[in-house]
Every structure is written in structure tokens, then in C-alpha cells.
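Chains as they are written, first to last, in the numbering used here: chain A, 31 to 544; chain B, 31 to 544.
Glycine included, every Cβ here is placed at the ideal spot set by N, Cα and C.
Predicted model, so just to flag it, every value in this text is computed and none were measured.
A short write-up of the structure that comes next.
There are 2 protein chains.
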Amino acid sequence: MNGAESLLRSLTASGVEVCFGNPGTSEMHFVAALDAVEGMRPILGLFEGVVTGAADGYARMAGKPAATLLHLGPGLANGLANLHNARRASSPVVNIVGDHASTHARFEAPLTSDIKGFARPVSHWIHSSTSALTVGADAARAVQASMEGAGQIATLILPADTAWSPADDVADALPTPSLATVSDATIEHIAALARSGVRTAFLLRGKALQTRGLEAAGRIATKTGARLLCDTFAPRLQRGAGRVQVERLPYFAEQVVEFLAGTELLVLVGSQPPVSFFGYPDKPSWLTPEGSRIAVLAHPHEDGTAALEALVQALGAQQSVARVTTRATQDYVPDGALNGEAIMRSVAKHLPEHAIIAEEASLAMGYYGLAEGAAPHDLLTLTGGAIGSMMPVSIGAGIACPDRKVVNLQGDGSAMYTVQALWTQARENIDVVTVIYANRSYKILANELKRVGARTDGAHAASMFDLHNPSLDWVSLAQGMGVEAMRVETARDFDAVFAQAMKRRGPMLIEALI
Amino acid sequence: MNGAESLLRSLTASGVEVCFGNPGTSEMHFVAALDAVEGMRPILGLFEGVVTGAADGYARMAGKPAATLLHLGPGLANGLANLHNARRASSPVVNIVGDHASTHARFEAPLTSDIKGFARPVSHWIHSSTSALTVGADAARAVQASMEGAGQIATLILPADTAWSPADDVADALPTPSLATVSDATIEHIAALARSGVRTAFLLRGKALQTRGLEAAGRIATKTGARLLCDTFAPRLQRGAGRVQVERLPYFAEQVVEFLAGTELLVLVGSQPPVSFFGYPDKPSWLTPEGSRIAVLAHPHEDGTAALEALVQALGAQQSVARVTTRATQDYVPDGALNGEAIMRSVAKHLPEHAIIAEEASLAMGYYGLAEGAAPHDLLTLTGGAIGSMMPVSIGAGIACPDRKVVNLQGDGSAMYTVQALWTQARENIDVVTVIYANRSYKILANELKRVGARTDGAHAASMFDLHNPSLDWVSLAQGMGVEAMRVETARDFDAVFAQAMKRRGPMLIEALI
Chain A
31 MNGAESLLRS LTASGVEVCF GNPGTSEMHF VAALDAVEGM RPILGLFEGV VTGAADGYAR
91 MAGKPAATLL HLGPGLANGL ANLHNARRAS SPVVNIVGDH ASTHARFEAP LTSDIKGFAR
151 PVSHWIHSST SALTVGADAA RAVQASMEGA GQIATLILPA DTAWSPADDV ADALPTPSLA
211 TVSDATIEHI AALARSGVRT AFLLRGKALQ TRGLEAAGRI ATKTGARLLC DTFAPRLQRG
271 AGRVQVERLP YFAEQVVEFL AGTELLVLVG SQPPVSFFGY PDKPSWLTPE GSRIAVLAHP
331 HEDGTAALEA LVQALGAQQS VARVTTRATQ DYVPDGALNG EAIMRSVAKH LPEHAIIAEE
391 ASLAMGYYGL AEGAAPHDLL TLTGGAIGSM MPVSIGAGIA CPDRKVVNLQ GDGSAMYTVQ
451 ALWTQARENI DVVTVIYANR SYKILANELK RVGARTDGAH AASMFDLHNP SLDWVSLAQG
511 MGVEAMRVET ARDFDAVFAQ AMKRRGPMLI EALI
Chain B
31 MNGAESLLRS LTASGVEVCF GNPGTSEMHF VAALDAVEGM RPILGLFEGV VTGAADGYAR
91 MAGKPAATLL HLGPGLANGL ANLHNARRAS SPVVNIVGDH ASTHARFEAP LTSDIKGFAR
151 PVSHWIHSST SALTVGADAA RAVQASMEGA GQIATLILPA DTAWSPADDV ADALPTPSLA
211 TVSDATIEHI AALARSGVRT AFLLRGKALQ TRGLEAAGRI ATKTGARLLC DTFAPRLQRG
271 AGRVQVERLP YFAEQVVEFL AGTELLVLVG SQPPVSFFGY PDKPSWLTPE GSRIAVLAHP
331 HEDGTAALEA LVQALGAQQS VARVTTRATQ DYVPDGALNG EAIMRSVAKH LPEHAIIAEE
391 ASLAMGYYGL AEGAAPHDLL TLTGGAIGSM MPVSIGAGIA CPDRKVVNLQ GDGSAMYTVQ
451 ALWTQARENI DVVTVIYANR SYKILANELK RVGARTDGAH AASMFDLHNP SLDWVSLAQG
511 MGVEAMRVET ARDFDAVFAQ AMKRRGPMLI EALI
């Protein structure tokens with residue numbers, strides 16, 4: 031057994047089943063070991079942003095890490111933006127980054143770089159293996175580190191000689207860290223505040239946005255009249271028919287201020303106080319209403335679900351009935367122009383049970399409410415603002431949940447950042463339907479230009495937002511990577527094509543001209 | 031005038047004429063200023079790796095920096111791999127990276143990240159502007175810093191409020207740094223060594239590989255019998271008919287050892303001693319023959335061209351005639367299968383005068399010798415080993431030299447990393463012909479697997495190199511981004527299509543099935 035095989039066996043012993051990779055020469059022994067070791071599924075991405083984004087999507091749905099396999103500093107660098115998103119999603123990810131052999135490091139070869147330096151801004155845990163004899167233990171620790179708190183980015187750097195040198199040990203899994211328990215005193219404190227009659231809103235994030243947490247939050251809301259909120263960009267939210275309804279914070283600062291007006295107590299459950307996405311010259315960054323109180327029921331590293339359930343007890347809300355949404359999207363009749371509303375109404379109507387929506391289109395975000403009455407589903411959003419996230423996330427979600435349909439609502443500008451994801455979707459036959467909102471512009475920037483108070487109507491500025499000249503042909507792009515694709519231009523055509531797409535399996539792309 | 035305008039005016043005052051960008055909300059004032067300021071050409075890339083790679087290509091051909099415009103940490107992160115290549119090419123680049131407004135920084139918004147941390151591994155100089163009143167001066171210093179030594183990466187971070195706040199100053203250009211002068215003592219020392227009769231090789235890099243330096247090196251070679259060498263991956267080399275011939279170091283360690291056998295003195299001119307690209311279990315990393323002497327005529331920050339000219343004087347080689355290559359590619363008659371040799375013979379035959387070859391295909395590298403007798407041209411190569419470099423470099427080279435044809439010899443695997451470059455090629459009507467070497471595999475990795483001593487013939491490992499299933503359709507991909515494309519399968523068809531491509535203008539892609 032060599033170090034690579036020891037590493038791989040230790041990863042699988044720790045429960046890692048999938049490796050998204052884009053290897054190079056320095057990772058060849060790891061690649062060879064994939065055939066010697068049972069239980070690790072390798073999935074190739076043609077660009078590292080696909081690899082890391084897929085690991086993010088996998089983690090959000092599987093609740094445990096996939097491994098990534100990346101080639102030296104530049105390979106890691108290409109994956110950093112989606113690791114930034116994964117970090118903001120609290121997704122557990124284990125990066126394996128190949129490095130030059132320790133004997134080669136001092137020669138400053140062309141690919142030599144500061145790998146730890148690249149890793150540091152996105153990683154909670156970084157280690158470079160020093161011997162083939164320890165890589166197994168290093169792997170077990172990396173997996174454990176990735177599961178600390180709500181989920182972390184663990185980066186294990188693997189010099190090539192630690193992969194090719196002899197090893198004899200496979201490390202057992204280390205204990206999976208648990209979320210910390212919220213103290214009784216905190217529960218009592220929040221219960222007292224919630225009983226005081228002040229206008230209260232619970233801002234939920236993390237596992238608290240899944241069924242059990244929502245169920246408890248729903249009882250609390252019924253008992254106390256509190257609002258239930260989630261961030262604009264929650265990593266994962268379970269919603270739809272039969273689920274407790276959660277209001278989503280709007281995107282723009284002034285909308286959030288209006289949305290939160292009157293709130294006297296904001297209770298954080300795994301979340302942070304809401305702030306503006308960007309700073310603007312004349313708009314607030316801090317969005318909690320002035321004079322309102324902030325209380326922490328659960329920090330992100332604490333068990334917010336259990337805390338909500340304890341709060342149900344403390345409030346005597348066990349018999350309160352959580353209000354859930356009902357199915358209410360079936361009577362939509364498509365007509366007229368294709369736009370963000372028409373797309374969302376068709377999606378909500380035809381979405382199958384337990385589908386996964388991966389959202390990266392501002393026009394989809396704007397019609398959040400329309401999917402409330404859809405069949406029960408999971409919503410994944412762009413947590414870190416680094417566009418190019420959701421096409422890869424769709425891959426990971428599809429690998430984690432092969433029996434669930436993935437619907438990727440995707441802006442055309444952002445889709446281009448990791449367009450290579452389509453190839454992996456085809457190769458792995460991911461059951462994902464990608465809807466491209468083809469407005470052929472960085473539409474949000476044209477708006478933001480005005481919002482930040484910049485004044486111009488010149489051609490140079492406009493050219494930085496406009497994606498015409500040439501127009502992207504998404505049908506050609508998808509077909510070039512082996513994904514079946516269609517272009518639609520009316521609400522009726524979109525509805526028919528989308529309905530059909532929900533009934534078949536495998537990757538497909540719909541270019542929606544809006 | 032606001033800070034953004036002050037910055038932009040100061041950049042143009044310092045001679046920066048082109049801004050490759052992919053902006054976001056935090057850069058909107060900079061974008062607006064593009065219309066208020068004359069003399070800055072903005073060029074949009076749909077992914078930041080395109081932006082930074084284009085800046086690298088521009089710098090290699092223009093000899094001065096372009097600006098990049100990048101959106102916060104993740105935008106910079108997406109551009110890091112090609113900044114790594116630019117750094118290895120000693121290309122001057124001025125990155126402008128937007129940041130959150132200083133008033134917004136403390137709120138840990140989703141896009142907040144450690145921008146300096148991202149920048150550090152690739153940047154020689156980093157500064158974050160503290161006031162709109164100093165951004166002009168900061169810009170002038172960034173340009174100057176980028177021109178230090180042989181060329182550097184300067185990263186200027188621009189908090190949004192330093193862009194939108196009032197400013198009143200435009201900074202004058204700072205003096206452009208000169209390369210340091212090599213001392214007379216060093217010249218005399220090298221001359222004495224070169225006269226001693228030992229078998230000598232000059233390893234040239236940087237400006238020494240352009241006409242003047244080559245001319246001098248050619249006289250020295252004639253006078254002393256020394257060999258003239260360049261690195262496997264020289265940033266820029268002028269070659270072809272009428273130019274002094276330079277031998278290129280081969281790629282693999284054992285080939286280099288054989289190539290350098292018998293060398294008793296290695297004279298470095300802006301270069302480092304040759305080392306293996308990767309480390310291997312049983313192969314050397316250090317490739318200078320044992321017992322041979324290494325002497326530095328010029329460090330990278332010194333003027334190697336002037337040093338070579340001084341050495342001509344010291345050796346009394348003024349009357350020596352530099353041997354130059356002659357045109358010898360015209361009689362090629364294409365026939366049979368399409369392969370790396372056939373492609374290079376057609377390229378060499380039809381290449382117009384003063385074309386620029388951007389090389390990122392190992393099969394092109396292997397036929398370096400066949401282009402020796404082509405019309406005079408510049409060769410640009412993948413300096414840092416981070417694939418995804420040359421499609422963007424072709425953009426920058428085409429912008430810097432609009433009257434010269436660019437030929438991009440491109441592997442299919444590496445092309446996918448920055449495939450979005452094709453869109454910018456179409457929008458800007460870059461005169462570039464991209465030849466995709468479509469072997470539908472990471473061919474070099476299948477070879478490297480054996481070379482590193484890994485043993486496997488399993489399906490998992492093979493799946494990490496194989497780009498079939500699905501096969502990439504480069505004609506569809508190119509057309510999807512507005513670039514005309516053709517697929518060819520025989521040497522004769524390739525020759526005909528390539529010959530035709532050399533006679534027209536504008537972007538085109540040829541998918542060469544090999």
C-alpha cells in the first residue's frame with residue numbers, strides 16, 4: 031500500500047464516498063489508487079470551479095463532505111470562488127490538493143506556488159502531509175475538521191512523495207463532531223422575551239430550515255405570533271406544500287428595512303443579523319430596525335433545531351398547530367410573454383415532489399413567493415455571492431440525491447462562469463433541468479449602476495453589462511457538451527417544454543428568452 | 031471628479047490604455063468613469079480567468095501593463111491561475127480589485143473575503159486605497175510597480191467609497207523603472223569563461239529572446255561555438271526565417287539531461303538553471319549536468335540584451351556573422367492522417383509574416399523544430415503550467431498587435447478551462463485562429479501516470495483522463511459564442527482550411543480531430 035491508497039482508504043473509512051476531481055501529474059498516484067480502493071466514486075470536472083461547486087452541492091444535500099482532488103496551487107485557485115460560496119453555506123468539504131514532491135519543492139518549478147496562501151482565505155483547517163505514514167490519519171482529521179460546527183472547509187495538501195511512498199496504515203474514522211447544545215438558561219431567556227408580547231421575528235439558518243426545525247418554529251409562531259424569516263441566501267430551505275412557511279428577506283437594503291419595520295425583537299437561530307449585500311453611498315448597511323433587540327437562541331455551531339424544540343416546551347406550545355402551506359399552483363394557465371413570473375409559475379406548477387431547486391437568477395429570487403404552493407422541495411441559493419455556483423451545485427445535489435429531480439434556475443451571465451458543468455452533467459447523467467434566464471445582460475449591474483449613484487449613459491459602461499454582440503447561443507453551448515437543449519420564447523412554450531422535462535430523466539437545458 | 035475618475039485618469043496618464051474587466055456592483059463607479067475619461071479601452075470577459083490571461087498576453091506583446099478590473103475576492107480568485115502564469119512570464123499587470131466600501135467592510139456581508147490574502151501568492155505589490163484623494167497616486171505607483179524588474183503583478187484594491195467620494199487630483203506618471211545594468215566586471219568574467227574553450231551554452235529568457243538580444247547572442251555563438259538555448263516555456267521568443275535560431279529545452283527531465291549532456295558552462299541570461307517540471311520518484315529534478323559550471327551574465331531584473339551586446343564587444347565578435355534560419359516550409363504537401371506533425375507543418379507553411387503563435391498543446395510543443403523555417407513570428411508559451419492560459423493570452427496579444435495574425439495552438443482539455451475567451455474574441459473581432467488539438471483526452475496525464483510509476487489499468491483512473499462520453503463538440507461550442515468554426519479530420523483538409531484561415535481576418539476555430 032502506498033500513501034495515496036492509505037489516504038483513499040482512510041477517507042472511505044471516514045464515510046467519504048465521492049471525489050470530485052480535476053487532477054494533474056502530481057495527483058497521479060491518488061488517481062491510480064481510485065481503482066485499488068472500493069467505495070470512492072470519482073467524478074471528473076473540466077474546470078476546478080465545477081469540482082468545488084459540486085462538492086458544495088453534495089454537502090448541502092448529503093450533510094457530509096465529498097472530497098475534491100485539485101492540482102497544485104493554480105488548480106486550487108480555480109476552485110476558490112466556489113469554496114468561498116461553500117464556506118458561506120457552511121458546507122463540509124475536504125479538499126485534497128496535490129503538491130510537488132517534497133524533494134522537488136525547492137526547485138521553484140513553474141507550477142510552484144504558495145498553496146497554503148491560496149487555501150487560507152477559504153479554509154477553516156489546512157494541513158500539509160509530511161509523510162506517507164501519516165496521510166491516513168491526516169485524512170481522518172480532515173473529515174472530522176470539515177464536520178466541526180455547522181460545516182467547514184478542510185484543505186489537506188498532499189506532496190506527491192507522500193502519495194507514492196510506502197504506507198501501511200488505514201486510519202479509522204474519528205468521532206463526528208456534534209453541534210453544541212444551547213443552555214437551558216438561554217432557552218428560558220428567549221422564552222421570557224417571546225412571551226413579553228413584543229413583535230418578534232425568528233431568523234433561521236442551517237438545519238433549522240429543515241423539517242424538524244421548521245415544525246418547531248411553526249408551533250412557536252402559532253403560539254406567540256412571531257414571524258419566521260430566512261436569509262435572502264439560505265444554503266438550504268425545505269418548503270412547499272405541507273411545510274411551514276418562511277418569509278425570505280428581500281435582496282435590496284431598502285426592501286429589507288421595510289420588510290423588518292416594526293420588529294421589536296429579532297431572534298437569531300444559526301444566523302447573523304441581516305446586513306446589506308453591498309454598501310451604498312446613501313443607504314444603510316445594518317438592517318435590524320433601530321431600537322429593536324437582538325437575541326441569540328442558537329449560534330451557527332449550536333443545535334438550532336433542538337433549541338427550537340426546547341423553546342416549544344418552554345413556551346408550552348406542544349399543542350399549537352404549525353401553519354403549513356397548501357398546494358396552490360395547479361391552475362396556472364400560461365399565456366403571453368415569457369418572463370420571470372411566467373417561468374416561476376410553470377416551475378411551481380410542474381415541479382415534482384421532493385425536487386431540488388438550485389437558484390442563481392435574480393429574476394427567480396424575485397418570484398420566491400410563487401413557489402410557496404409547489405410540491406414540497408428543497409431550495410438551494412447562492413450563499414456567497416460568487417456567481418458560477420449553481421450549475422456545479424446541481425451536479426453535487428444530483429449525485430447526493432439520485433432519485434430527486436434537480437431544477438437549476440440560472441442567469442445567463444452567471445452560467446458562463448462554470449459553463450463546463452454541463453459536460454459533467456452529461457457524463458454522469460445527472461437528472462437536472464437547467465433553465466437559462468436569457469436576458470443577455472448582466473441585468474443586475476445595469477440596475478446597480480443607478481443604485482450606487484453612478485451617472486453615465488455612455489457606451490463604454492453599457493458594454494460592460496451587455497451580453498449581446500454576440501448573443502450566447504445556449505442550445506449550441508449545451509449540445510457542444512452533450513446536453514440536450516431547447517430554446518423557448520413564449521410562456522406557453524416554456525410551460526409545455528418544462529412540463530415535459532419534469533417527466534423525463536437526465537440532463538436537459540431550456541434557454542428561456544426573456 | 032470622483033475617486034474612480036481620478037484613478038482612471040491617472041492610469042491613462044501612466045500609459046495604461048486597455049482595461050480587461052469583469053466588474054460587479056462594487057466597481058460601478060469605475061465602470062461609469064470609463065465614459066468620462068478618454069483613452070481607456072474597456073474589454074469585457076465573461077470569466078475572470080479570461081480577463082487576467084488577456085492582460086498577460088497584452089503585456090507580453092505591448093511591453094507594458096493593461097489594467098484588469100475584478101470584483102472583490104472571488105472575482106480576483108477566479109483570475110489567480112492566469113496571474114500565476116503572468117507572474118511566471120514576468121508580465122507587468124495592474125489589477126484593480128473592487129472592495130466593499132470601508133463603511134461596509136465590518137458587516138461581514140456574503141461577498142466579504144480576505145482580498146489581500148487572495149492576492150498575496152501572485153502579487154509582487156499590493157495596496158488598498160484609503161481615500162479618494164490618494165487613488166490617483168496609488169494608480170501611478172501601481173503602474174510603476176508593475177514595471178519593476180522584468181515585470182511584476184501589482185494589485186490595487188479599491189474600496190467602493192474611495193471610488194465614489196470626491197477627488198481632485200490626477201497623478202502624473204512616475205518614472206518607468208529601467209532594467210539594472212550588468213557590471214563590466216561581470217562581462218569580463220563571462221568573456222574570460224567563454225574564451226576558455228569549455229563547451230558553453232547560453233540560456234536566454236526575457237527580452238534577450240527578441241531581435242536585438244538574439245542578434246548579439248548569434249554573434250557570440252559564431253565566435254565561440256556556444257549553444258543558444260531557451261526554456262521549454264519562454265514567455266516570448268522571436269523566431270522564424272531571418273532570425274537567430276535558439277534551441278528549446280525539451281519538456282521531460284530525461285530529455286533535458288540528454289539535451290544538456292556535455293555542457294561544461296551554462297551561462298544564464300535572465301533565466302534560472304533548468305529544473306524538471308514535476309518531481310518523479312526515480313528521476314532528477316536538477317538538470318544542469320553534474321560538474322558543469324553555472325555563471326550569471328544577467329539576472330532577470332538586469333538588462334540581458336545590453337549585457338549580450340557588451341559581451342560581443344568584450345569577445346571581439348562585432349564582425350562575427352550571426353547564423354540565421356532560412357525559409358524552408360513551403361514545399362510541404364499534406365497527406366494522410368491528421369496529427370501533431372501535420373498540423374505544425376501546415377502552420378509553418380502558411381503562417382503569415384509577423385504572426386503570433388500562442389502555444390498550449392503538448393503536441394505543438396513536440397514539433398517546435400518544424401516551425402523554425404516559417405515566416406518570422408513570435409512564440410508565446412504556457413509559462414506557469416496553469417492550463418487555460420493561451421485562449422485569453424491570444425485576446426491580449428491581438429489587442430496589443432491588431433495588425434498581426436494570432437494563431438492559438440490549443441489542447442482541447444486545456445481549452446475548456448477558459449472557454450469563455452471565445453466570446454470576447456468574437457465581440458472584439460480579434461484576428462485569432464484557434465486550432466483545437468482534439469484528442470479528446472488529458473493525453474499528457476495518461477502518459478504521466480506511467481512516468482510517475484503508478485500502476486493501474488482500471489476504469490476509475492482512465493475516466494479521469496478521458497474526455498469522450500460525451501465528446502466535446504468544438505464547432506458547437508465556438509458557434510455558441512459567436513465564433514465561426516470548422517471540423518477537419520485529414521491532413522489535407524486541415525492544410526486547406528488553415529491556409530484559407532490565414533487569408534481572412536477575425537476569429538475562427540478549427541477543430542482538428544487527431
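Original post:
By how many angstroms is the C-alpha of Q440/A removed from the C-alpha of K473/B?
Top reply: 33 Å
Original post:
Taking all protein chains shown into account, do 16 or more other C-beta atoms lie within 10 angstroms of the C-beta of R117/B, making it buried, or fewer, making it exposed?
Top reply: buried
Original post:
So is V585/B buried or exposed if we call it buried at 16+ other beta carbons inside 10 Å?
Top reply: This structure cannot speak to residue 585/B, because chain B is shown only from 31 to 544.
Original post:
Taking the alpha carbon of G272/A as the point to measure from, which residue in N125/A, A401/A, I387/A and T206/A has its own alpha carbon closest?
Top reply: A401/A
Original post:
Mind checking if S501/A is an interface residue toward chain B, Cβ cutoff 9 Å exclusive?
Top reply: yes
Original post:
So with Cβ pairs under 9 Å, would you call Y14/A a contact of chain B?
Top reply: This structure does not reach residue 14/A, given that chain A is present from 31 up to 544, and the question cannot be answered.
Subject >> Beta carbon proximity, H134/A to chain B, threshold 9 Å >> reply: yes
**OP:** Output yes if chain B places a C-beta closer than 9 Å to the C-beta of W155/A; else output no.
**Re:** no
Subject >> Reduced DSSP category for S306/A - H, G, I as helix; E, B as strand; rest coil >> reply: coil
Original post:
Taking 9 Å as the CB-CB cut-off, is E390/B touching chain A?
Top reply: no
Original post:
In the segment 103-170 of chain B, which residue ranges form an unbroken beta strand (DSSP E) of at least 3 residues, counting only runs that do not cross its ends?
Top reply: 123-129 and 155-158
Original post:
Are the segment 220-232 of chain B and the segment 188-202 of chain B touching by the rule of at least three beta carbon pairs closer than 8 Å?
Top reply: no
Subject >> Expected contact under 8 Å - CB spacing of V465/A and I540/A to nearest Å >> reply: 5 Å
Subject >> Which listed residue (F60/A, Y447/A and L41/A) has its alpha carbon closest to that of E478/B >> reply: F60/A
Original post:
Is the beta carbon of D333/B less than 9 Å from the beta carbon of S208/B?
Top reply: yes
Subject >> Residue closest to D408/A, alpha-carbon to alpha-carbon, out of T142/A, E371/A and L239/A >> reply: L239/A
Subject >> Stretch pair the segment 301-309 of chain A + the segment 138-148 of chain B: three plus CB contacts closer than 8 Å >> reply: yes
Subject >> 3-residue-minimum beta strand (DSSP E) runs that sit fully inside the segment 321-382 of chain A, ordered along the chain >> reply: 323-328
Subject >> Partner residues on chain A for S315/B, Cβ-Cβ distance less than 7 Å >> reply: T133, H134 and F137
Original post:
Just to confirm, are P422/B and D461/B a CB contact at a threshold of 9 Å?
Top reply: no
Original post:
What does a CB cutoff of less than 7 Å around E519/A pick up in its chain, not counting 5 residues either side in sequence?
Top reply: L368 and L543
Original post:
With DSSP run on the structure shown, which of helix, strand or coil describes D496/B?
Top reply: strand
Original post:
Looking at the structure shown, is N202/B part of a helix, part of a strand, or coil, going by DSSP?
Top reply: According to the sequence displayed, residue 202/B carries Asp and not Asn. Coil.
Subject >> beta strand (DSSP E) segment containing A385/B, residue limits >> reply: A385 to E390
Subject >> Validate contact between the segment 281-298 of chain B and the segment 177-195 of chain B using beta carbons, cut 8 Å, 3 pairs >> reply: no
**OP:** Output, in chain order, the set of chain B residues within a Cβ distance shorter than 7 Å of E478/A.
**Re:** T55 and M58
Subject >> Sheet register partners of W316/A (DSSP bridge) >> reply: V305/A
**OP:** Residues of the segment 276-306 of chain A with a CB closer than 8 Å to any CB of chain B: list them in chain order, please.
**Re:** Q302, V305 and S306
**OP:** Could you name the residues of the segment 444-470 of chain A whose beta carbon sits closer than 9 Å to any beta carbon of chain B, in the order they occur along the chain?
**Re:** M446, Y447, T448, V449, Q450, W453, A456 and R457
**OP:** Determine the closest residue to H331/B out of T164/B, Y447/B, P537/B and A210/B, with distance taken between C-alpha atoms.
**Re:** A210/B
**OP:** Could you tell me whether the Cβ atoms of S506/B and S471/A are closer together than 9 Å?
**Re:** no
**OP:** Below 8 Å on the Cβ atoms is my guess for T230/B versus A256/B; work out the distance and round it to an integer in Å.
**Re:** 4 Å
Subject >> R39/B classed as buried or exposed, judged by whether at least 16 other C-beta atoms fall within 10 angstroms >> reply: buried
Subject >> L113/A to Q450/A span [Cα, whole Å] >> reply: 17 Å
Original post:
Looking at C-alpha atoms only, which residue of V228/B, A246/B, S376/B and A131/B is the closest neighbour of L234/B?
Top reply: A246/B
**OP:** Just tell me which of S493/A, M516/A and T192/A has its CA closest to the CA of P311/B.
**Re:** T192/A
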